[in-house]
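In the working numbering, the protein residues as written are 5 to 339.
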């Protein structure tokens, strides 16, 4: 099993320790209809002919004689209806999938993304959010680390572009990075959107060793896409990279947990394998005996989003954000 030598520690500095997890509807409004009900004693005769309209009664107003209409005996009911302001969406509208739930730095999480985290297949926004969270909440604690987390959309752009020269300005600057994390989707070879495929896997590229470790929870399903990604990245880095498949990778037991496994592994490999490495310690990149708690992983990601959302709401209520972001139509914002 390949392992990282002492060079890793020299790039990352002193040994550090970290921990990793083992893995309204609103009340239904009922509008009561307004109706009338008449009752009385005795029998009301039904006229043979429809009653004629009451004649107007003349009255004098100054020197003119005008006709004053007779008030009808039919009762008039006035109903006041409160019209909801359409500019202020109610709770039901906020729950639509396309509405924003949280804006966290450069990532906007929608209600549909939160729903996917509960039990569905993760999309590129879910994975990009987790990478954004790691970059802002974990990596700053290790200032000597030089680690890049590539977003799924950038991975697709890198693999699918006909000429790398045309996209150089859109790619991250990898010159000072020692390790690169790349989420791989099996759609990147088909020229489709990053999240239009059916499976996620993870590449961890060590520039120090010239090795790309591939972690696939469905045997070698994503190997063609992963190899295509490594080939392109090698050209971007101008460095040869050797592809290595992790054979003791834990396998998923359903068809929807691959994205969650990628997110859990990303943090585990980062914190336990890289950031926690001793300067003279060889770091094995295998996962023998590792159990991945996907249910716990989903709960943790959902809990993280909820905590950030509450913090965003608190900042908005205290006026700590710009006026445009404090608008009720904007999702809670963390920057």
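Built from N, CA and C at the ideal position, the CB exists for glycine as well.
None of the values given here were measured: they were computed from a predicted structure.
Close Cβ partners of residue 334 (< 6 Å) along its chain, the five nearest in sequence each way excluded: Take residue 334, set aside five residues on each side of it, and no residue of its chain has a beta-carbon closer than 6 Å to its own.
Note down, one range per segment and in chain order, each alpha helix (DSSP H) of at least 4 residues found wholly within the region 122 to 153. For the region 122 to 153, whole alpha helix (DSSP H) runs of length 4 or above, ordered along the chain, are 128 to 141.
Between the CA atoms of residue 191 and residue 212 - distance to the nearest angstrom: So the two alpha carbons sit approximately 29 Å from each other.
Across which residues does DSSP place residue 189 in a beta bridge pair? Within the DSSP bridge table, the entry for residue 189 names 204 as partners.
Whole-number beta carbon distance between residue 131 and residue 143, since they are thought to touch under 8 Å: Rounded to the nearest angstrom, the Cβ distance from residue 143 to residue 131 is 16 Å, too far for a contact under 8 Å.
Going by DSSP in three states, residue 216 sits in which element: helix, strand or coil? DSSP places residue 216 in the strand class (E or B) of the three-state scheme.
Going by DSSP in three states, residue 286 sits in which element: helix, strand or coil? Residue state for residue 286 is assigned as coil, using DSSP reduced to three classes.
Nearest residue (CA-CA) to residue 133, options 314, 306, 288 and 316: Out of 314, 306, 288 and 316, 306 has the C-alpha closest to the C-alpha of residue 133.
Helix, strand or coil for residue 165 per DSSP? In the structure shown, residue 165 falls within a coil segment according to DSSP collapsed to helix, strand and coil.
Just confirm the distance between the C-beta atoms of residue 316 and residue 106, as a whole number of angstroms; I'd bet it's less than 8 Å. Indeed they touch by this definition, with Cβ atoms about 6 Å apart.
Alpha helix (DSSP H) segment containing residue 276, residue limits: Run containing residue 276: none; DSSP gives neither H nor E here.
Reference residue 264, options 118, 112, 108 and 110, closest by Cα: Taking only the C-alpha atoms, the option nearest residue 264 is 118.
Distance check for residue 147 and residue 336, CA to CA, integer angstroms please. CA-CA distance, residue 336 to residue 147, rounds to 28 Å.
Which residue comes first and which comes last in the beta strand (DSSP E) that contains residue 112? 111 to 114 is the extent of the beta strand (DSSP E) around residue 112.
Collapsed DSSP secondary structure at residue 374 in the structure displayed: No answer is possible for residue 374: it lies beyond the span of the chain, which begins at 5 and ends at 339.
Spatial neighbours of residue 321 in its chain, beta-carbon cut-off 8 Å, leaving aside the 5 residues before and after: So no residue of the chain qualifies.
Closest to residue 290 by CA distance: which of 301, 202 and 253 is it? Among 301, 202 and 253, the Cα nearest to that of residue 290 belongs to 253.
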